[in-house]
Structure formats: structure tokens, C-alpha cells
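**Student:** Counting from 16, one number per residue, gives the positions in the sequence shown under this note's numbering.
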Amino acid sequence: MTRTTLHRTDWLADTIRRHKAGAPVGVYSVCSAHPTVVQAALAQAGADGSYVLIEATSNQVDQYGGYTGMRPADFRELVFGIADADGFPRDRVVLGGDHLGPNRWQHEPAEVAMGRAEVLIAEYVAAGYTKIHLDCSMSCADDPAVLPDEVVAERSARLLRVAEDTVRRNGSDGPVYVIGTEVPVPGGAHETLGALTPTPAERARRTIAAHRAAFAAVGLADVWPRVMALVVQPGVEFDHLQVIDYQHGATANLRHVLDGEDHLVFEAHSTDYQRPEQLRELVEDHWAVLKVGPGLTFAMREALFALAMIETELLPRPARSNLIEVVERRMLAAPQYWQSYYTDPDPLAQRTARRYSYSDRLRYYWADDDVDAARRTLLDNLDRVGIPLPLISQYLPQQYDRIRAGELAATAQDLVVDRVRDALRPYARACRAGADIPEGDR
Numbered sequence: 016m017t018r019t020t021l022h023r024t025d026w027l028a029d030t031i032r033r034h035k036a037g038a039p040v041g042v043y044s045v046c047s048a049h050p051t052v053v054q055a056a057l058a059q060a061g062a063d064g065s066y067v068l069i070e071a072t073s074n075q076v077d078q079y080g081g082y083t084g085m086r087p088a089d090f091r092e093l094v095f096g097i098a099d100a101d102g103f104p105r106d107r108v109v110l111g112g113d114h115l116g117p118n119r120w121q122h123e124p125a126e127v128a129m130g131r132a133e134v135l136i137a138e139y140v141a142a143g144y145t146k147i148h149l150d151c152s153m154s155c156a157d158d159p160a161v162l163p164d165e166v167v168a169e170r171s172a173r174l175l176r177v178a179e180d181t182v183r184r185n186g187s188d189g190p191v192y193v194i195g196t197e198v199p200v201p202g203g204a205h206e207t208l209g210a211l212t213p214t215p216a217e218r219a220r221r222t223i224a225a226h227r228a229a230f231a232a233v234g235l236a237d238v239w240p241r242v243m244a245l246v247v248q249p250g251v252e253f254d255h256l257q258v259i260d261y262q263h264g265a266t267a268n269l270r271h272v273l274d275g276e277d278h279l280v281f282e283a284h285s286t287d288y289q290r291p292e293q294l295r296e297l298v299e300d301h302w303a304v305l306k307v308g309p310g311l312t313f314a315m316r317e318a319l320f321a322l323a324m325i326e327t328e329l330l331p332r333p334a335r336s337n338l339i340e341v342v343e344r345r346m347l348a349a350p351q352y353w354q355s356y357y358t359d360p361d362p363l364a365q366r367t368a369r370r371y372s373y374s375d376r377l378r379y380y381w382a383d384d385d386v387d388a389a390r391r392t393l394l395d396n397l398d399r400v401g402i403p404l405p406l407i408s409q410y411l412p413q414q415y416d417r418i419r420a421g422e423l424a425a426t427a428q429d430l431v432v433d434r435v436r437d438a439l440r441p442y443a444r445a446c447r448a449g450a451d452i453p454e455g456d457r
């Protein structure tokens, strides 16, 4: 296969192949449906000369619209529309579906939830997503609290059958798959964390064996080489106020589990807020796929709140967007996305968590009509009056340095996008982004 004619799925396959051959390379997965984050991810990949992996999660995008109002085909068109506008080649965009399974319908009986999950999988595959995370690890209403590996694997095989049947009907190439039973909760931990223990090596081996057997039992043993990654817990996580950092020494046994698997690497979830050196160690230790989501909207919120503070210095109150106040009002009016997470009874602690927590439940509100209108007003206001450089220095010092160096324009949206890229740059370095595409094909 020539590296200059890779299919979208093959960019991933090429990265995995080289990682398994001993090259310390990987790929980071951008798990966010916000257009600004997508724009930042494309800009970063463009600067690196790499492909980009963007994944929609099952709570963001599903057959009913998720919390973003988008179905899988809608999100695909959003990403491709931004790529086209920015001149980023579509054939370097890999789309994935994250936590696809009964996760959204855990409050329903398993058979009902799995029926909905089948429709979900079919829509993602039909829409052309080429990386599919089969996640049946969560218990449903009539399940025990912890599901055995065999049950998770059997349900994953059921969804795999739907995916492969959809592929055959559409005449498309088969996607690659991600499996696992120790799958971190989407979007960070619900509770305050202590220490985390990585997945025991024997547990990971049992998970692989259970899935291999379940796939064979439904006549899909031939699909196994397209299973590209196993989700296990490397001992990284974040909650509202703290981050648990990766400890290289704690995974000495686990990271050798896949030594005999020619096409399998580990996928690490909840890597948001890991320090650059920990991200690099994860890739070197065979977590060749690094997932990041809330950390990106966290960075976007930092930039937008910084711009809101600048706005208060430049415009009288009647003309301001009042973005921070609008966000607070809408979060209080529709508390379902944060109320069960931020349980400290102290009102000040709750307000701080709503605005600033690592788990970033605020991300659910950027699609709210009032919040989005305030965001747009903020950007328009600042572009109309112009942002004095000393104020950029005060509130966004890294962006100020790039403006002074002639690397960045001082427009409001460019400042926000670049701040999100600050959260992506360590991932690009850790994964050695840009090593995936030959110089002549960039």
C-alpha cells in the first residue's frame, strides 16, 4: 500500500501498524461536537501536516439528536463543512463514534436499550464513520451492577453484526472497532476520586478472549483483525477539582498484554489535563490512542470568559454580551446536566463548579440558543471595537506572544481557537503528529 493513497480508515491502520513495529507514534482523538473545537482540531492538524481524528460521543450525537440536536450525518456535514471552509482535505478527516451502545438508555431494560443501540450503530456506520467504539460496559435497568465480560462481549458482538450488515448494504469499507469492559465514564468521573488502580493484566486478557469468542460465535471471526484498540484503565482520570496523573511504573505488566496481538493497541480515555510528559509516556507504553474532550471545551471556556472580562473593560453594560451571566442563568434554569454532579450544598462551591470544574458540565450549554447568541455577540463586539494588545497580554498572555511574533491575528475567534489549540499541542507532540504523512503529500 502506498502511503500517499490512504483511505480515511487507513490513516489509523498505518499509525497502528507503525506503532506495533516499534515507532513511538499515536493519534489523539478529539471528542467534542462544538464547531470551535472542531475548527481548532483542523487548524492544529493543518499546522502539523497530519490527519485528524474527530469523534462524536453517544450523548452528543445520536439518532434522536443527542444534546447537540445533531444526528450522525448532521455531525459529519458539520465537520466537513468546517474542513471545506478552512481548506483542510476531507480525506485527512477520520470520523469516529465514541461509547456507542446502550449508554444513553441505561435507565431502560437491557433489551429496549440494546434495540436503540442497534439503530445508533447503524446510523453511524451508514453515515460513513470509520472508527466505531462498541461500548456495552454500562448496566441497564434490569442488569446487575457489574456486568460479566461475557455479557459485555455478547452485546458488543450483537452491535458488531448490525455494523457489518450496514457495511454490506451500503457497499462501503468496513470500519475499525474499539472494544473493552473497563471503560471510564464519558466526560470524567461523577464522584470525587482517590487513587486509581490500572486494569490488571489478566483482566485485560480475559476481555480480549471474551470478545474474540463472542465475535466468532456470531460468525464474525474474520472481523477480528479490524479490532484496533482495547480500552483499559491506565490509571488516569479527572473529577471536578483534581487530576490523577499517569504513573508509568504502575502499568509494567498491563502494557505487555498486547505484545502478541499484531493489530491491537490500547486506547486511553479521560486523558484530559494530563501533563505533556505523561501523554508522551502513555503513547510509548502502547496507549496509542489518546481521547480528549472536556479539556478542550474547558480551554474554550477559559478563552471566552477571558474575552468577556476584556469586554467589560471596553463597552458599557447595555452593549455587552454579558456572556458569563447568561451562562449562569441558563445553567440554573436547566440544571439537569450538572445538578447530580455538583452536590456540595454550599452555593458558592456550586457556582464555582458550574463555571470552572475540570469535568466542565458547562459544555452542555454552549448549544443553548441564549448562550450561543451571547457568545456571538461577544465576538462581534470585540471585533467591532478592536482588542488592545495590553488587554490581550493581561487575559490571554500566550496568545499575546503569538500576536507579537506575527503568528496569530488579534480577532476574537482566532484567539479562542488558538487557546483550544494550546490544549491540543501537547497531544500533537506526544503522538508525533505529522509523522503520518510523507513530506511530499502534505
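Glycine included, each C-beta is placed from N, C-alpha and C at the ideal position.
Below 8 Å, how does it come out for the segment 327-343 and the segment 260-274: are there three or more Cβ pairs, yes or no?
**Tutor:** Because the criterion of three Cβ pairs below 8 Å is not met, the segment 327-343 and the segment 260-274 do not touch.
**Student:** Let me know the alpha helix (DSSP H) ranges lying completely inside the segment 332-365, each 4 residues or longer, listed in chain order.
**Tutor:** 338-348
**Student:** Assuming the contact rule is C-beta atoms closer than 8 Å, M243 and I31 should be a hit. Round their C-beta distance to whole Å, please.
**Tutor:** In the sequence shown, the residue the question calls residue 243 occupies position 228. In the sequence shown, the residue the question calls residue 31 occupies position 16. Between M243 and I31 a beta carbon distance of about 6 Å is seen, short of the 8 Å cut, so the two are scored as contacting.
**Student:** Within the same chain, show all residues whose beta-carbon is closer than 7 Å to that of T392, passing over the 5 residues directly before and after it, in chain order.
**Tutor:** Against the sequence shown, residue 392 aligns to sequence position 377. Only S336 meet the Cβ criterion.
**Student:** When we look at the beta-carbon of V296 and count the other beta-carbons within 10 Å, is it buried (16 or more) or exposed?
**Tutor:** As a working mapping, residue 296 is identified with position 281 in the sequence shown. In the sequence under discussion, the amino acid at residue 296 is Glu, which differs from the Val named in the question. E296 comes out buried.
**Student:** Considering only the alpha carbon of each residue, which of A236, C446, V233 and R399 lies closest to L305?
**Tutor:** What you label residue 305 is simply residue 290 of the sequence shown in a count that begins at 1. A check of alpha carbon separations from L305 across A236, C446, V233 and R399 identifies C446 as the nearest.
**Student:** Once DSSP output is grouped into helix, strand and coil, what is the label at T145?
**Tutor:** Working through the sequence shown from its first residue, we reach residue 145 at position 130. Of the three classes helix, strand and coil, the one that applies to T145 here is coil, per DSSP.
**Student:** Spatial neighbours of Q257 within its chain, please: C-beta separation below 6 Å, excluding the five flanking residues on both sides.
**Tutor:** If you number the sequence shown from 1, residue 257 lands on position 242. Answer for Q257: no residue qualifies.
**Student:** Taking the straight line between their C-alpha atoms, what separation do you get for A38 and H278?
**Tutor:** The residue labelled residue 38 in the question sits at position 23 within the sequence shown. The residue labelled residue 278 in the question sits at position 263 within the sequence shown. Cα to Cα, A38 sits roughly 14 Å from H278.
**Student:** Can you say whether E179 is buried or exposed, counting buried as having 16 or more other CB atoms within 10 angstroms of its CB?
**Tutor:** Stepping through the sequence shown from its first residue, residue 179 is reached at position 164. So E179 counts as buried.
**Student:** Given 8 Å as the limit, is there contact between the segment 184-191 and the segment 246-260, that is, 3 or more CB pairs closer than that?
**Tutor:** no
**Student:** CA-CA distance, A314 and S408?
**Tutor:** Counting from 1 along the sequence shown, the entry for residue 314 is found at position 299. Counting from 1 along the sequence shown, the entry for residue 408 is found at position 393. Going by the C-alpha atoms only, they are around 17 Å apart.
**Student:** Taking three-plus beta-carbon pairs below 8 Å as touching, is the segment 93-108 in contact with the segment 139-153?
**Tutor:** no
**Student:** With distances taken from CA atoms, which of T196, V233 and A210 is nearest F218?
**Tutor:** Within the sequence shown, numbered from 1, the residue matching residue 218 stands at position 203. According to the sequence as given, residue 218 is Arg; it is not Phe. Residue T196 is the option with its Cα nearest to R218.
**Student:** What does DSSP give as the partner residue(s) for V76 in the beta ladder?
**Tutor:** By 1-based counting over the sequence shown, the position of residue 76 is 61. Per DSSP, M85.
**Student:** Suppose you measure from the CA of A125 to the CA of E282; what does that come to, to the nearest Å?
**Tutor:** Locating residue 125 in the sequence shown gives position 110, counting from the first residue. Locating residue 282 in the sequence shown gives position 267, counting from the first residue. Going from the Cα of A125 to the Cα of E282 covers about 26 Å.
**Student:** Is it the case that the segment 71-81 contacts the segment 129-137, given that we only count it when at least three CB pairs across the two stretches are under 8 Å?
**Tutor:** yes
**Student:** Quick check on L430: does DSSP put it in helix, strand or coil?
**Tutor:** As a working note, residue 430 is residue 415 in the sequence shown. Three-state DSSP puts L430 in a helix.
**Student:** Rounded to whole angstroms, what's the CA-CA distance from E206 to L439? Just pull it up for me.
**Tutor:** Here residue 206 refers to the residue found at position 191 when the sequence shown is read from its first residue. Here residue 439 refers to the residue found at position 424 when the sequence shown is read from its first residue. With a pLDDT of only 47 at E206, under the threshold of 50, the placement of this residue in the model should not be trusted; the figure read from the coordinates follows. About 26 Å.
**Student:** On the DSSP bridge assignment, give the partners of W302 in chain order.
**Tutor:** Along the sequence shown, read from residue 1 onward, the residue named residue 302 stands at position 287. W302 pairs with F281.
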